[in-house]
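Visitor:
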Ligand SMILES: C[S@@+](CC[C@H](N)C(=O)[O-])C[C@H]1O[C@@H](n2cnc3c(N)ncnc32)[C@H](O)[C@@H]1O
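In this note's numbering, the protein residues as written are 55 to 233.
See the structure below:
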């Protein structure tokens with residue numbers, strides 16, 4: 055169930071994205087090819103990206119369709135519907151956000167290691183999406199709801215460590231959805 059079906063290592067000529075923290079172009083290509091014509095697509099922490107029908111980012115200078123706190127958005131009726139894909143490239147902590155110098159200079163509220171917030175995302179995913187694409191190592195936990203389909207290890211130029219793109223696909227509906 056939790057076995058990775060495929061892994062791919064991409065390194066050498068991978069450029070960083072438009073700003074530190076943006077999707078590298080190669081990651082954008084992988085994502086757009088994979089989601090293809092599937093709809094609807096929700097993109098959380100979407101930054102400058104234009105991937106996804108509904109994009110959520112707290113930064114007013116972002117290309118989000120909803121410039122709000124993702125955790126507030128996830129409480130809204132608009133978020134609570136079936137998604138084919140949910141994409142996420144979240145922030146990790148205030149300090150890291152500052153170092154990465156995102157446009158607008160916004161910093162997240164502490165996210166990685168904030169179990170309450172991580173659980174909000176996990177619970178949402180378990181109920182509402184068929185597939186997840188998540189960039190970087192820290193990843194929501196799931197109880198037998200998703201199987202890990204593929205992992206890409208991407209070494210970009212610059213100071214990032216190896217970046218990790220993970221694809222999880224639904225294998226079971228949580229019981230409350232059938233109730
Ligand atoms: C690593 S960047 C994502 C970059 C994106 N992949 C791109 O290609 O531009 C993380 C994003 O999370 C956003 N963010 C941080 N905290 C947030 C929150 N609580 N709600 C919504 N967006 C948030 C930041 O504004 C930032 O754009």
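Ideal Cβ positions, reconstructed from N, Cα and C, are used throughout, including at glycine.
Using 8 Å as the Cβ pair cut-off and three pairs as the minimum, do the region 89-104 and the region 132-147 touch?
Guide: Touching, per the Cβ criterion.
Visitor: The beta strand (DSSP E) that contains residue 205, what's its start and end?
Guide: Per DSSP, residue 205 belongs to the beta strand (DSSP E) from 200-210.
Visitor: In terms of residues, what are the limits of the beta strand (DSSP E) holding residue 141?
Guide: Where residue 141 is concerned, the enclosing beta strand (DSSP E) stretches over 137-142.
Visitor: Taking residue 92 as the reference, which of 136, 168, 227, 171 has the closest Cα?
Guide: Here the closest residue by C-alpha is 136.
Visitor: Note down the Cα distance separating residue 86 from residue 169, rounded to an integer number of angstroms.
Guide: Whole-angstrom Cα-Cα distance: 30 Å.
Visitor: If you reduce the DSSP assignment to three classes, tell me which class residue 196 lands in.
Guide: Three-state result, residue 196: coil.
Visitor: Any chance you could list the beta strand (DSSP E) runs of at least 3 consecutive residues sitting entirely within the region 70-107, in chain order?
Guide: The region 70-107 contains these whole beta strand (DSSP E) runs: 95-98.
Visitor: Starting from the N-terminal side, write out each stretch of the alpha helix (DSSP H) that is 4 residues or longer and does not extend beyond the region 168-192.
Guide: DSSP runs (the alpha helix (DSSP H)) wholly in the region 168-192: 169-182.
Visitor: Could you tell me which residues DSSP pairs with residue 62 in its beta bridges?
Guide: DSSP, once it has assigned bridges, lists 206 as partnering residue 62.
Visitor: Thinking C-alpha only, which one of 59, 133, 65 is nearest residue 211?
Guide: The shortest C-alpha separation from residue 211 is found at 65.
Visitor: Quick check: is any heavy atom of ligand 1 less than 7 Å from the C-beta of residue 173?
Guide: Every heavy atom of ligand 1 is 7 Å or more from the Cβ of residue 173, so no.
Visitor: Residues in the same chain with beta-carbon distance under 8 Å from residue 158, minus the five sequence neighbours each way, listed in chain order, please.
Guide: No answer about residue 158 holds up, because its pLDDT of 42 lies below 50 and its placement is not dependable.
Visitor: Between the C-alpha atoms of residue 184 and residue 204, what's the straight-line distance to the nearest angstrom?
Guide: Distance between the alpha carbons of residue 184 and residue 204 is about 15 Å.
Visitor: Taking C-alpha atoms, which residue in 121, 225, 104 lies nearest to residue 110?
Guide: When only C-alpha atoms are compared, the closest one is 121.
Visitor: Let me check understanding here. Comparing Cα to Cα, which of 94, 104, 196, 60 lies closest to residue 226?
Guide: Here the closest residue by C-alpha is 196.
Visitor: Assuming residue 125 contacts residue 171 (C-beta within less than 8 Å), just tell me the rounded distance between them.
Guide: With a Cβ gap of about 6 Å, residue 125 and residue 171 count as contacting.
Visitor: Say the cut is 7 Å; is the CB of residue 133 nearer than that to a heavy atom of ligand 1?
Guide: False, no ligand heavy atom lies under 7 Å from that Cβ.
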